[in-house]
Amino acid sequence: MIRSGSLGAGSTPTDVPGLKGQGFALLILATAVGLCGFAAVLPLVPLWAIRGGTGEFGAGATTAVFMSTTVLTQLTMPWLLERAAGYKWAFPVGSLIMGVPTPLFALTTDLTVLLGISAVRGVGFGMVTVAGTALAARLVLKEQVGRATGYHGLAVGLPQIVILPGGVALALNIGFGTAFWLTGICGVIAAVLSSGILFADGGRNRALLSGTDTAPGTSSGPRGLPLLMALAAPLVLMLAVSSSAGAIVTFLAIPLEETAWLVSALLAGYALLLVVGRWSAGMLFDRYGRTTLLLPASIAAAVGMGLIASGLWLHDGATPGWEVAVPVLIGSCLFGLGFGAVQNETVTMMLNRAGPTGHGRASAVWNIGYDGGLGVGAVFLGLIIQLLGYGPAFTVLSVALMAVVPLALSRDR
Numbered sequence: 001m002i003r004s005g006s007l008g009a010g011s012t013p014t015d016v017p018g019l020k021g022q023g024f025a026l027l028i029l030a031t032a033v034g035l036c037g038f039a040a041v042l043p044l045v046p047l048w049a050i051r052g053g054t055g056e057f058g059a060g061a062t063t064a065v066f067m068s069t070t071v072l073t074q075l076t077m078p079w080l081l082e083r084a085a086g087y088k089w090a091f092p093v094g095s096l097i098m099g100v101p102t103p104l105f106a107l108t109t110d111l112t113v114l115l116g117i118s119a120v121r122g123v124g125f126g127m128v129t130v131a132g133t134a135l136a137a138r139l140v141l142k143e144q145v146g147r148a149t150g151y152h153g154l155a156v157g158l159p160q161i162v163i164l165p166g167g168v169a170l171a172l173n174i175g176f177g178t179a180f181w182l183t184g185i186c187g188v189i190a191a192v193l194s195s196g197i198l199f200a201d202g203g204r205n206r207a208l209l210s211g212t213d214t215a216p217g218t219s220s221g222p223r224g225l226p227l228l229m230a231l232a233a234p235l236v237l238m239l240a241v242s243s244s245a246g247a248i249v250t251f252l253a254i255p256l257e258e259t260a261w262l263v264s265a266l267l268a269g270y271a272l273l274l275v276v277g278r279w280s281a282g283m284l285f286d287r288y289g290r291t292t293l294l295l296p297a298s299i300a301a302a303v304g305m306g307l308i309a310s311g312l313w314l315h316d317g318a319t320p321g322w323e324v325a326v327p328v329l330i331g332s333c334l335f336g337l338g339f340g341a342v343q344n345e346t347v348t349m350m351l352n353r354a355g356p357t358g359h360g361r362a363s364a365v366w367n368i369g370y371d372g373g374l375g376v377g378a379v380f381l382g383l384i385i386q387l388l389g390y391g392p393a394f395t396v397l398s399v400a401l402m403a404v405v406p407l408a409l410s411r412d413r
């Protein structure tokens, strides 16, 4: 749970370093470096599993297990952040847990081992995601929250422009072992950087990280069932869109593996437009004081997924021609743009509805929607692909996205 001090309640602006503070800069840098490991490994492990002889369902299970332990960890994070001084240690410890085991992937393609390593890394990722989102709001003033979440989204998304396609290209051309070692080192570097937040800005961040800086008379915001009801619509929307994103990063490289340029281009386009969408939503939220892009972004994600599905329907297993490459590439970019905006719109909506002392809970719920969706999408789509093929599987996702578009009609001030 986040305290009112994170939003400057009962404080002067000089009490909270804000967007220009060293602590916030370290958070953004640690997030960018640490999430390189997430972005690179997410499509690599399923591809590594496929090369070891497992089917698409087994490949999807590696992502599903990773996300399952992520979500289970995220459920405990509000308590850890508030009651166990988690704001001080959760990010660096989580970065180590996520990064240190990564080189072990290179030792075997045995599915049981891959699942075990993925499970351990999921614990670290769960810690990093909830702590990072909450800290992004906690270290700044109230009027900076939209931009803070936007900057945090940039830190998550910008590395993926290079890492998502670059990690696959590195593994295919130089070796999976090298790729796994490099991404593991990223976790260690992120742990060192995030540890410095406590000591930055002349020690002014220590009160913000202690969990004890509640201003007198501050409302605690909704809790229990009222809070869950307030967060339900953006949670379902986030689950649906992130499930589709999990399908893209887990499976889209597999049927197109023979055309390396197309795989690299669609992953780079997806990651780039995701960043554009998330940053635009954050800027507009602070400028107009309300969510403005949720509905068009949801529609864009559904249409983008439909284009991907249409391209895969035409793919006959041979080297894909323009009739496959064009809709898949455009669809990936359009989906990324919509997904990025949906991310920022839903997180600001949840932070707003949870109130100034409920950011830890809102962060946990949003990250559960994000990461739980990635895992569900991976294992669900893997099963459908084995039964029906790639085109029908991605069509199901497109229809599901259109079904949840009405949830985007509400706007929060």
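In this text, residue positions in the sequence shown follow the numbering used here: the first is 1, and each later residue adds one.
Don't be surprised by glycine CBs; every beta carbon is placed ideally from N, CA and C.
On the DSSP letters alone, give me the boundaries of the alpha helix (DSSP H) that Lys-88 sits inside. In this chain, the alpha helix (DSSP H) harbouring Lys-88 covers 86-99.
Phe-199: buried (16+ other C-beta within 10 angstroms of its C-beta) or exposed? exposed
Kindly indicate which residue of Leu-237, Leu-225 and Gly-331 has the alpha-carbon position closest to the one of Arg-361. Leu-225
If we count Cβ pairs, one from each stretch, closer than 8 Å, do we get three or more for the stretch 135-155 versus the stretch 342-356? yes
How should Val-328 be labelled, buried or exposed, when 16 other C-beta atoms within 10 angstroms of its C-beta is the threshold for buried? buried
In chain order, what residues of the same chain lie with their CB nearer than 6 Å to the CB of Thr-212, ignoring the 5 residues before and after it? Bear in mind that a pLDDT of 47 at Thr-212, under 50, signals an unreliable position, so the number given afterwards is only what the model happens to contain. Cβ neighbours of Thr-212 beyond the five flanking positions: none.
I need the straight-line Cα distance from Thr-73 to Gln-386, nearest angstrom please. When rounded, the separation of the alpha-carbon atoms in Thr-73 and Gln-386 is 30 Å.
Please report the straight-line C-alpha distance between Phe-57 and Thr-348, rounded to a whole angstrom. 34 Å
Does the beta-carbon distance from Ala-40 to Leu-182 come in below 9 Å? yes
Buried or exposed: where does Pro-216 fall if 16 or more other Cβ atoms within 10 Å of its Cβ makes it buried? Unreliable placement is indicated for Pro-216, whose pLDDT of 35 sits below 50; no coordinate value is reported for it.
Option in Thr-292, Ala-247 and Leu-172 with minimal Cα separation from Ser-264: Leu-172
Is the CB-CB distance between Thr-291 and Ala-301 below 9 Å? no
Quick one, which of Phe-176, Leu-209 and Gly-167 has its alpha-carbon nearest Glu-82's? Leu-209
Contact check, Val-303 vs Gly-331, beta carbons under 9 Å: Judged by their CB atoms, Val-303 and Gly-331 are nearer to each other than the 9 Å cut-off.
Using the three-state DSSP reduction, which class does Thr-178 fall into: helix, strand or coil? helix
What did DSSP end up calling Ile-163 once you bin it into helix, strand or coil? Here Ile-163 sits in helix by DSSP.
Three CB pairs or more closer than 8 Å across the stretch 107-122 and the stretch 43-58: Under the three-pair Cβ rule at 8 Å, the stretch 107-122 counts as touching the stretch 43-58.
What do you get for Met-127, buried or exposed, if any count of 16 or more other CB atoms within 10 angstroms of its CB means buried? buried
Note down, in chain order, each residue of its chain lying with its Cβ closer than 7 Å to the Cβ of Ala-179, except the 5 sequence neighbours on either side. Ala-40, Leu-44, Gly-167, Leu-170 and Ala-171
Hey, could you find the ends of the alpha helix (DSSP H) Phe-125 is sitting in? 111-138
Which residue from Ala-354, Ile-28, Ile-189 and Phe-125 puts its Cα closest to that of Ala-232? Ala-354
If you draw a straight line from the alpha carbon of Gly-23 to that of Ile-163, how long is it in whole angstroms? 25 Å
Leaving aside the five residues before and after Leu-351 along the sequence, list all residues of the same chain whose C-beta is less than 7 Å from its C-beta, in chain order. Ala-137, Val-145, His-359 and Ala-362
State the start and end residues of the unbroken alpha helix (DSSP H) segment that holds Gln-22. 22-51
Between which residues of its own chain and Val-188 is the CB-CB distance below 8 Å, once the five residues before and five after are set aside? Ser-95, Leu-96, Gly-99 and Val-100
I need the DSSP call for Ile-254, collapsed to helix, strand or coil. Three-state result, Ile-254: coil.
Classification of Trp-366 by the beta-carbon crowding that lies within 10 angstroms, buried from 16 upward: buried
Option nearest Val-376 by Cα separation, candidates Ser-243, Gly-37, Pro-92 and Asp-201: Ser-243
Using 9 Å as the threshold, is the C-beta distance between Val-404 and Val-241 below it? yes
Under 9 Å, do Ile-161 and Ala-32 count as touching if we go by C-beta distance? no
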